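To start, the structure under review is shown below, and the notes come after it.
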Amino acid sequence: MSTDNTAHAYRNNRVGPVLRASSITAGVIEAAHEDNPDKEINVDDKLAYVRIYADGELILRRATLEETLGRPFRMSELEVNLSSFAGRIETTDDYVRFYYEKTL
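In our numbering, the protein residues as written are 123 to 226.
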């Protein structure tokens, strides 16, 4: 990373999951769009894995995932397919929240 890029690295507030390519990936992408209507959702498909991200915060709700996948869904299924993530993470039985928190 160049000196100029390092000086501006704090401006990268992208958060979200990195998923193994699997049967739930398309549903997670659709749910990300539905659960975060005020955000620009970006999808970087690398074939073996998919990076889904937004600036600052990205929420995935179980109810929305059940809707997009057309079946009951347990949040632990997301965790099994989660190879990595950007930002911090908050998990419950009903949603997963990826968020950016600036600390000094």
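Glycine is no exception: its CB is placed at the ideal position from the N, C-alpha and C atoms. Predicted, not measured: the structure shown is a model, and the values here were computed from it.
Suppose contacts are defined by Cβ-Cβ distances below 8 Å. Is residue i in contact with residue j by that definition?
i: residue 149; j: residue 176; result: no
i: residue 219; j: residue 179; result: yes
i: residue 174; j: residue 181; result: no
In whole angstroms, what separates the C-alpha of residue i from that of residue j?
i: residue 187; j: residue 205; result: 18 Å
i: residue 160; j: residue 185; result: 19 Å
i: residue 216; j: residue 158; result: 15 Å
i: residue 192; j: residue 221; result: 27 Å
i: residue 189; j: residue 198; result: 17 Å
Can you tell me which of the options puts its alpha carbon nearest to the alpha carbon of residue i?
i: residue 141; options: 190, 222, 211 and 172; result: 172
i: residue 211; options: 163, 134 and 223; result: 223
i: residue 169; options: 199, 145, 196 and 134; result: 145
Tell me whether residue i is buried or exposed, calling it buried when 16 or more other Cβ atoms sit within 10 Å of its Cβ.
i: residue 214; result: exposed
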